[in-house]
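Residue numbers (my numbering): -1 to 863.
Glycine included, every Cβ here is placed at the ideal spot set by N, Cα and C.
Values in this document were obtained by computation on a predicted structure and should not be read as measured data.
First the structure, in the form of structure tokens, and then the observations on it.
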Ligand code: B3K
Ligand code: ZN
């Protein structure tokens, strides 16, 4: 690894490209020992930009030949640039380079995985394939010709349509693909491998037929139908909701086991992590099935939001990601269960994005600078970005939003644009003024909104006074925050006419409700209408009322979370002070009522409502985190509920036993979620009988959801017991050949509550099931351990040292994955000084490592800074 002085790139420095590339013809000669890439680029000067030399991007390329208009020209080369001066206005540039995909452990560019060769070009992987203007505002029409050994790589794919193919000498063959759509280089893809294929078709609303294909490793075809159905459903949904039809003749998905992230929206040739394609009821959980729906839809939706209209530069990433996440969330909500979908989105936002926004990597949804763009594929750009899009829809309504989308495509189809362009289209279509709202794109940090309620019996008015602050923002100017509210009477009735969306535009602002007869209970931020932390001084009685009566399921759930958070945080303080926690009977009563009303309220909702807030979310509310006390407090509340409601949990567990064959439907998934939640609570009692029950659940399960739920319960048993090891062995014995199930086995152990978890994880790094070169394995074993709040933040610093070692193992091999591991340290400053000293030591050790990759360096420098 070369040591580089990392350079910061700034949004304000953007300039248009000096050259444009109209067409790109690529030829890949794939051979053992290396691939030769010949590129023919039809280029011209950009008349809008002053004349200057051509500077192409490259990374780990061995240059064999460079010609302009078929003549050798002088050029100068560095590790990352190739410069040619004195070019005519219009010319053909041909380059030939040699690359070594077999040695490409970064999984960026062209690389080898078990069944063949695959590409990943976003954000800047194309420059690892050939010399190019590797930036999203250079859009070109591509052809790609692939040559490879026919027996080893029978399937040869690239973007677009197959136009010709044939055999060659020495058992080789070739195929040529042409993509009719202009695209930036990051959407280029090719695949050469031995793969099975599931084919189907989709008829678009206008009557075109699209050929669909899902390619997977041999033997896995029976795990593809769910993804195929998800693809067809998303195609239909996008036509119905947004009037967007598929523009392609061929839409292909290829699944690969070695992949840095979830999936990639390459034009017409999506490449997916197997995790988001393969599913069968015995190997995939309900959550897996739902995630596949969402990710398949997400990548498909990118075909319009991302591919047809792309980003001008990488700072605009949220233009396509925030919008596409919003679209996949809406699809998921329509397909499954809108109530619980929203709850899970917010749970995820609070567990990952809020801590990110409060930590050293905080950035606006449109960052203003970066060192390594791969570090900014974050929950802020994605999930907070989706919340910002959702707020736009809340402000202008669904129809206004749809009109804005139509206007966006009318104006920008085929272009590379900015977030301003998107918002301008929304403004033009709706007449809404988004000037102040743009702060959401430019400021980091989670705004806090403090609300006071004042009832005046004489004037029969109720006044809500809201104050917004954001200590992370660069100035104190307020933003526009839509706050959906309703008022409830003390009998639980919603007061007619009080449902509104408040537009909080000032730092402090009051909103008056008239004709209010008695002090109401306000329900604030309904459906989580803005990504903020909202404080209101609720009494437990008010929250209990909202939990029971609020008709907005999100806010009913939220009331329960507020109740539970207060109890756990108070108990944490008590435990830290050596006292026993106190649990009010009213909370147990509220939980009992939830269990009793599951039929009316829906099993899925009740399961969410009885899931206590997670430790990392709770930790955000603490000034100094005591991870041991927090862990003990949360588990003590679980155990208390289990003791008080043992009968109810057992009865419901029995009542919810499956009555029909497994289907990944939301109705069945809700029942399983609640039944498995009951099992989890019952297991808190940890008696011989509860262990037997968990073992029986494990062995009788005919699907992965139930089997894995039982395993997760068993791996948390602290006392040594034969059941835990027996279940782990049985699970591994049965599933050792299913890579994705092995990931679950690793993750169950790395997320265990057991005090010896680090020892187990360390041992597992030497297990044949683990492979540090495979991102899924690293995420399941190492990163999941880093998210295990109590074990990663062990008082002796052993968790920190372990993760630091793994970062150093990986930083050169796969900087993107190593850098994600480094993010485990984001919240180190929230812990006590002794822990901080260990964390600092670990971070400094990583930072001072000679030749540290730029990706990791950016993260650890910011963490230490
Ligand atoms: N656009 C890709 C992410 C690429 C990540 C590069 N480090 C997947 C997605 O958001 O759909
Ligand atoms: Zn995306």
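Taking the alpha-carbon positions, what's the residue 506 to residue 445 distance? As a working mapping, residue 506 is identified with position 508 in the chain shown. As a working mapping, residue 445 is identified with position 447 in the chain shown. In a straight line, the C-alpha of residue 506 is about 13 Å away from that of residue 445.
In three-state terms, what does DSSP make of residue 63? As a first step, residue 63 is located in the chain shown; it is residue number 65 there, counting from the start. Residue 63 falls in the strand class under three-state DSSP.
Assuming residue 504 and residue 476 make a contact with CB atoms under 8 Å, what is their CB distance in whole Å? Position 506 of the chain shown holds residue 504. Position 478 of the chain shown holds residue 476. Between residue 476 and residue 504 the Cβ distance is about 6 Å, and since that is below 8 Å, they are a contact.
Specify, as a first and last residue, the run of the beta strand (DSSP E) that residue 405 falls within. Numbered from its first residue, the chain shown carries residue 405 at position 407. Premise fails: residue 405 lies in the alpha helix (DSSP H), 383 to 410, not in any beta strand (DSSP E).
Look at the Cβ atom of residue 664, then the Cβ atom of residue 574, and state whether they are nearer than 8 Å. Position 666 of the chain shown, counted from the first residue, corresponds to residue 664. Position 576 of the chain shown, counted from the first residue, corresponds to residue 574. For residue 664 and residue 574, no; Cβs fall outside 8 Å.
Please name the residue in 147, 797, 843 and 695 whose C-alpha comes closest to that of residue 673. Residue mapping note: residue 673 aligns to position 675 of the chain shown, counting from 1. Measuring from the Cα of residue 673, the nearest candidate turns out to be 695.
What is the chain-ordered set of residues for which the beta carbon lies under 5 Å from any non-hydrogen atom of the ligand ZN? 319 and 322
Which residues share a DSSP beta bridge with residue 250? Your numbering for residue 250 matches position 252 in the chain shown. For residue 250, which the question treats as bridged, DSSP gives the partners 211 and 267.
Buried versus exposed, by CB contacts within 10 Å (16 or more), residue 346: As a first step, residue 346 is located in the chain shown; it is residue number 348 there, counting from the start. Residue 346 comes out exposed.
Determine the direct distance from the alpha carbon of residue 200 to that of residue 231, and round the result to whole angstroms. Indexing the chain shown from 1 puts residue 231 at position 233. Indexing the chain shown from 1 puts residue 200 at position 202. C-alpha separation (whole angstroms): 10 Å.
So, under 8 Å CB-CB, residue 321 and residue 309 are touching, yes? Tell me the CB distance rounded to an integer number of Å. Working through the chain shown from its first residue, we reach residue 321 at position 323. Working through the chain shown from its first residue, we reach residue 309 at position 311. Wrong, their Cβ atoms sit about 11 Å apart, outside the cutoff.
Taking Cβ positions, are residue 572 and residue 582 nearer each other than 8 Å? Walking along the chain shown from the start, residue 572 turns up at place 574. Walking along the chain shown from the start, residue 582 turns up at place 584. No; because the gap between Cβ atoms is not below 8 Å, this pair is not in contact.
Can you check whether the CB of residue 548 is closer than 8 Å to the CB of residue 557? Along the chain shown, read from residue 1 onward, the residue named residue 557 stands at position 559. Along the chain shown, read from residue 1 onward, the residue named residue 548 stands at position 550. Yes, they are a contact pair.
Is it buried or exposed, residue 773, if we count other Cβ atoms within 10 angstroms and call 16 or more buried? On the chain shown, residue 773 is found 775 positions in, with the first residue counted as 1. Label assigned to residue 773: buried.
Proximity winner among 440, 408 and 404, relative to residue 417 (alpha-carbon distances): As a working mapping, residue 417 is identified with position 419 in the chain shown. Measuring from the Cα of residue 417, the nearest candidate turns out to be 440.
With 16 other CB atoms within 10 Å as the buried threshold, where does residue 70 fall? Taking the first residue of the chain shown as 1, we reach residue 70 at position 72. Under this definition residue 70 is an exposed residue.
Cutoff 7 Å; reference residue 395; Cβ partners in own chain excluding five residues on either side: Counting from one through the chain shown, the residue named residue 395 turns up at place 397. Around residue 395: no qualifying Cβ.
Helix, strand or coil: which one does DSSP assign to residue 685? On the chain shown, position 687 is the one that residue 685 refers to. Three-state result, residue 685: coil.
Once you ignore the five residues that flank residue 1 on each side, which residues in its own chain have a CB closer than 6 Å to its CB? As a first step, residue 1 is located in the chain shown; it is residue number 3 there, counting from the start. In this predicted model, residue 1 has a pLDDT of only 46, less than 50, meaning its place in the structure is not dependable; the value taken from the coordinates is given anyway. Once the five neighbours on either side are set aside, the close Cβ partners of residue 1 are 849.
When the Cα atoms are used, what is the spatial distance from residue 840 to residue 403? Residue 840 sits at position 842 when you count from the first residue of the chain shown. Residue 403 sits at position 405 when you count from the first residue of the chain shown. Their backbone Cα atoms lie some 47 Å apart in a straight line.
Is the stretch 221 to 231 in contact with the stretch 255 to 266, if contact means three or more CB pairs nearer than 8 Å? no
Report the residue ranges of all beta strand (DSSP E) runs contained in full by the stretch 102 to 135; include only those spanning at least 3 residues, in chain order. 107 to 111 and 114 to 118
Consult DSSP for residue 637 and reduce its assignment to one of helix, strand or coil. As a working note, residue 637 is residue 639 in the chain shown. Helix, per DSSP.
According to DSSP, residues forming a beta bridge with residue 89: Translated into the one-based positions of the chain shown, residue 89 becomes position 91. Residue 89 is bridged to 41.
At what residues does the beta strand (DSSP E) containing residue 138 begin and finish? Within the chain shown, residue 138 is the residue found at index 140, counting from 1. Segment 137 to 147, the beta strand (DSSP E) holding residue 138.
Residue closest to residue 627, alpha-carbon to alpha-carbon, out of 202, 788 and 376: Within the chain shown, residue 627 is the residue found at index 629, counting from 1. Minimum Cα distance to residue 627 is reached at 788.
Compute the minimum distance between the beta carbon of residue 260 and the heavy atoms of the ligand B3K, and state whether it is under 7 Å. Reading the chain shown from its first residue, position 262 is the one you call residue 260. Within the cutoff, so yes.
If you draw a straight line from the alpha carbon of residue 103 to that of residue 109, how long is it in whole angstroms? If you number the chain shown from 1, residue 103 lands on position 105. If you number the chain shown from 1, residue 109 lands on position 111. Roughly 7 Å between the two C-alpha positions.
Backbone secondary structure at residue 368 - three-state DSSP: Position 370 of the chain shown, counting from 1, holds the residue named residue 368. Strand at residue 368.
With burial defined as no fewer than 16 other Cβ atoms inside 10 Å of the residue's Cβ, what is the status of residue 8: buried or exposed? One-based indexing of the chain shown puts residue 8 at position 10. When all chains shown are included, residue 8 counts as exposed.
Who does residue 464 pair with in a DSSP beta bridge? Here residue 464 refers to the residue found at position 466 when the chain shown is read from its first residue. Paired residues: 449 and 507.
Suppose you measure from the CA of residue 856 to the CA of residue 4; what does that come to, to the nearest Å? For the purposes of this step, residue 856 is taken as residue 858 along the chain shown, with counting starting at 1. For the purposes of this step, residue 4 is taken as residue 6 along the chain shown, with counting starting at 1. Approximately 8 Å, taken between the alpha carbons.
To the nearest angstrom, how far is the alpha carbon of residue 525 from that of residue 39? By one-based count along the chain shown, residue 525 stands at place 527. By one-based count along the chain shown, residue 39 stands at place 41. Those two C-alpha atoms are separated by around 50 Å.
Unbroken beta strand (DSSP E) run spanning residue 164, endpoints: In the chain shown, the residue the question calls residue 164 occupies position 166. Run containing residue 164: 159 to 165, per the beta strand (DSSP E) assignment.
Simplified DSSP assignment, three categories, for residue 218: Position 220 of the chain shown holds residue 218. Coil at residue 218, not helix or strand.
Let me check understanding here. Comparing Cα to Cα, which of 746, 94 and 611 lies closest to residue 710? For the purposes of this step, residue 710 is identified with residue 712 of the chain shown, where counting begins at 1. Considering only alpha carbons, the answer is 746.
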